[in-house]
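For reference, the structure is listed below as structure tokens.
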């Protein structure tokens, strides 16, 4: 074992805990994190690699380092991996995942309204408040992470392990397949305002113990998310097709000349 990085691994674990970096959230950029910890980037990379190897973190090419969702073996094997294979073959399966979320999150919202403890309610309020604070950061990536954390807090408050693990699996899949569209939702003020309004309605219903109201709020919110993300994805695909038109390619070559 490397004696230089071992103490740094301990410090990184403490950093993640102190900064309340929940599963699904991204660590600061390598340069920023090295400066905060007062270490070299090479030492930091070595320590990060140990946590990645240990399953605490996950690294995405060009996408930074993230706190890994701690999925149970059955969830990884029976939910995530089979669907991941489908997504590789046909990305449009992402919409099947979104449709499944309608049924699952309507249920987690219902049960959360009936079962949430005082500690659960505090975590829900904290997660919701985080979605508002991150609006000011102008960082759509962090805003999307806060959104995920809010929905997972609802699943945790449902006190149903199967629903919670299924939700974690879905967000693990969606994080890569629709992240670009999710980020775009947070760069458009009108969409962001609608999302915030829907999150608030969902939170209020759960805090009030209104199970049916929470179920309806979840369904309305997810219907909006599904439609919005599909429209954004279609816009992205349309723009990609336009750039491949012969006239466009010819014009681009002339401009480069």
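Residue numbers (my numbering): 1 to 257. Glycine included, each C-beta is placed from N, C-alpha and C at the ideal position. Computed from a predicted structure; not experimentally measured.
*Where does residue 145 land, buried or exposed, given buried means 16+ other C-beta within 10 angstroms?*
Within the chain shown, the letter at position 145 stands for residue 145. Residue 145 is buried by the Cβ-count criterion.
_Length at least 3, wholly inside the segment 97-152: the beta strand (DSSP E) runs in chain order_ = none
*Consult DSSP for residue 39 and reduce its assignment to one of helix, strand or coil.*
Here residue 39 corresponds to residue number 39 of the chain shown, with the count starting at 1. Residue 39: coil per DSSP, three-state reduction.
*Of all the options 49, 122, 15, which has the alpha carbon lying nearest to the alpha carbon of residue 156?*
Position 156 of the chain shown, counted from the start, is the residue given in the question as residue 156. Of 49, 122, 15, the residue nearest in Cα terms is 122.
_Inter-residue Cα distance where the pair is residue 17 and residue 238_ = For the purposes of this step, residue 17 is identified with residue 17 of the chain shown, where counting begins at 1. For the purposes of this step, residue 238 is identified with residue 238 of the chain shown, where counting begins at 1. Approximately 42 Å between the Cα atoms of the pair.
_For residue 194, which residues in the same chain have their Cβ closer than 7 Å to its Cβ, ignoring the five residues on either side in sequence?_
Position 194 of the chain shown holds residue 194. Excluding sequence neighbours, residue 194 sits near 224.
*DSSP on residue 27, reduced to helix/strand/coil?*
In the chain shown, residue 27 corresponds to position 27, counting from 1. Here residue 27 sits in coil by DSSP.
*8 Å Cβ shell around residue 100 - same chain, five flanking residues per side excluded*: For the purposes of this step, residue 100 is taken as the residue at position 100 of the chain shown. So the list reads 170, once near-sequence residues are dropped.
*asked:* Please report the straight-line C-alpha distance between residue 208 and residue 89, rounded to a whole angstrom.
replied: What you label residue 208 is simply residue 208 of the chain shown in a count that begins at 1. What you label residue 89 is simply residue 89 of the chain shown in a count that begins at 1. Roughly 43 Å separates the two Cα atoms.
*asked:* As a quick exercise: from 27, 240, 226, 48, pick the residue whose alpha carbon is nearest that of residue 102.
replied: Working through the chain shown from its first residue, we reach residue 102 at position 102. Checked all of 27, 240, 226, 48; the closest Cα to residue 102 is 226.
*C-alpha distance - residue 222 paired with residue 21, whole-angstrom precision*: Locating residue 222 in the chain shown gives position 222, counting from the first residue. Locating residue 21 in the chain shown gives position 21, counting from the first residue. About 25 Å.
_Residues in the same chain with beta-carbon distance under 7 Å from residue 87, minus the five sequence neighbours each way, listed in chain order, please._
Reading the chain shown from its first residue, position 87 is the one you call residue 87. So the list reads 93, 94, 173, 177, once near-sequence residues are dropped.
*Buried versus exposed call for residue 120 [16 or more other C-beta atoms within 10 Å across all chains shown]*: Counting from one through the chain shown, the residue named residue 120 turns up at place 120. Classification for residue 120: buried.
*How big is the Cα-Cα spacing for residue 110 and residue 104?*
What you label residue 110 is simply residue 110 of the chain shown in a count that begins at 1. What you label residue 104 is simply residue 104 of the chain shown in a count that begins at 1. Residue 110 and residue 104: Cα-Cα distance of roughly 10 Å.
*Three-state secondary structure (DSSP) of residue 187*: As a working note, residue 187 is residue 187 in the chain shown. If DSSP states are grouped into helix, strand and coil, residue 187 belongs with coil.
*Is it true that the CB of residue 206 sits closer than 8 Å to the CB of residue 116?*
Residue numbering aside, residue 116 sits at position 116 when the chain shown is read from its first letter. Residue numbering aside, residue 206 sits at position 206 when the chain shown is read from its first letter. Yes, these two residues count as a Cβ contact at 8 Å.
*Step through the CB atoms of chain C and report whether any lies within less than 8 Å of the CB of residue 123.*
The structure shown contains no chain C; it holds only a single protein chain.
*Please report the residue range of the alpha helix (DSSP H) in which residue 9 lies.*
Numbered from its first residue, the chain shown carries residue 9 at position 9. Per DSSP, residue 9 belongs to the alpha helix (DSSP H) from 5-18.
_Reference residue 162, options 47, 148, 107, closest by Cα_ = Taking the first residue of the chain shown as 1, we reach residue 162 at position 162. Of the listed residues, the one whose Cα sits closest to residue 162 is 107.
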